Amino acid sequence: MRENALKKYEKPLVSNPLPNSKNNESLMSFAHFKAYTDRLYQIDKAFDDAQPNRLNRHRHLEPDSAEFLASLVISKRAKNILEIGTSTGYSTLWLGYALAQINRANTADSATLTSIDIDEWRLLTARNHLRTLQFDHNITLQQVDAKDFLRQSTGHFDVIFLDAERRFYGDYVADFKRLLTFGDMLIVDNVISHADEVAAFLSAFEQDSNYLCSTLSIGAGLFLAVKQSKD
1 MRENALKKYE KPLVSNPLPN SKNNESLMSF AHFKAYTDRL YQIDKAFDDA
51 QPNRLNRHRH LEPDSAEFLA SLVISKRAKN ILEIGTSTGY STLWLGYALA
101 QINRANTADS ATLTSIDIDE WRLLTARNHL RTLQFDHNIT LQQVDAKDFL
151 RQSTGHFDVI FLDAERRFYG DYVADFKRLL TFGDMLIVDN VISHADEVAA
201 FLSAFEQDSN YLCSTLSIGA GLFLAVKQSK D
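Residue numbers (UniProt numbering): 1 to 231.
Below, the structure is given as structure tokens:
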């Protein structure tokens, strides 16, 4: 089944090459980008609908959530972004678009995105999409367990986007709090559609006075936790 699905990605979903994200004078139009990502979402949704096993599904965030996510990243002018749960790259493309806009406005071209996933095939598919849109500049895809990656990470991330296997979220709390400094933001998808599964995880931030938290009725539900203290 996976091999058949992979054939759908052998050719770009949009035939015309798009300008490189590091070319400040010729960035793709939003309409062109949106057409590509809309098509990707439709293909992967059809794939998911045919999958009885939840773990085989690509499980992308909803399009309105993706656009809102990109808007948040752009408005924050994030410089160091982490995505946990690449899947086949739908949300990664939206983060890549935001990254390109930030770097277009910043001559230093220094904003970066790291996206991690445990599944090699999904990462390869995501990389193909990024290359098709020429978004691979300043973006690193890494096959690694999230818990191991977080434990070994130092410094901080301006934005962490979490959309992965929910049963492991509790394992990430301590490292998230270590890696978020003043003004940094954690964004979590599926917090309304799967409220029971994430309740304890969200509570770890909602009950912590160091964080300003909001739950938004966008898509399957987005949770935002912003670090509001310097300690």
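Glycine included, every Cβ here is placed at the ideal spot set by N, Cα and C. None of these values were measured; they are calculated from a predicted model.
Using only CA atoms, which one of 105, 207 and 111 lies nearest to residue 158? Looking at the Cα atoms, 111 is the closest of the given residues.
Taking the alpha-carbon positions, what's the residue 38 to residue 63 distance? In a straight line, the C-alpha of residue 38 is about 8 Å away from that of residue 63.
Reduced DSSP category for residue 191 - H, G, I as helix; E, B as strand; rest coil: In the three-state reduction of the DSSP assignment, residue 191 falls in the coil class, being assigned neither a helical nor a strand state.
Where residue 224 and residue 52 are concerned, what is the direct C-alpha to C-alpha distance, given to the nearest angstrom? 31 Å
Is the number of C-beta pairs between the stretch 66–86 and the stretch 112–127 that are closer than 8 Å three or more? yes
Cβ-based neighbour list, residue 206, same chain, cut-off 6 Å, excluding 5 preceding and 5 following: Here the set comprises 213.
Within-9 Å CB hit, residue 37 to chain B: Of the protein chains in this structure there is only one, and it is not chain B.
Among 70, 46, 68 and 98, whose alpha-carbon lies nearest the alpha-carbon of residue 59? Here the closest residue by C-alpha is 46.
Whole-number beta carbon distance between residue 221 and residue 193, since they are thought to touch under 8 Å: 6 Å
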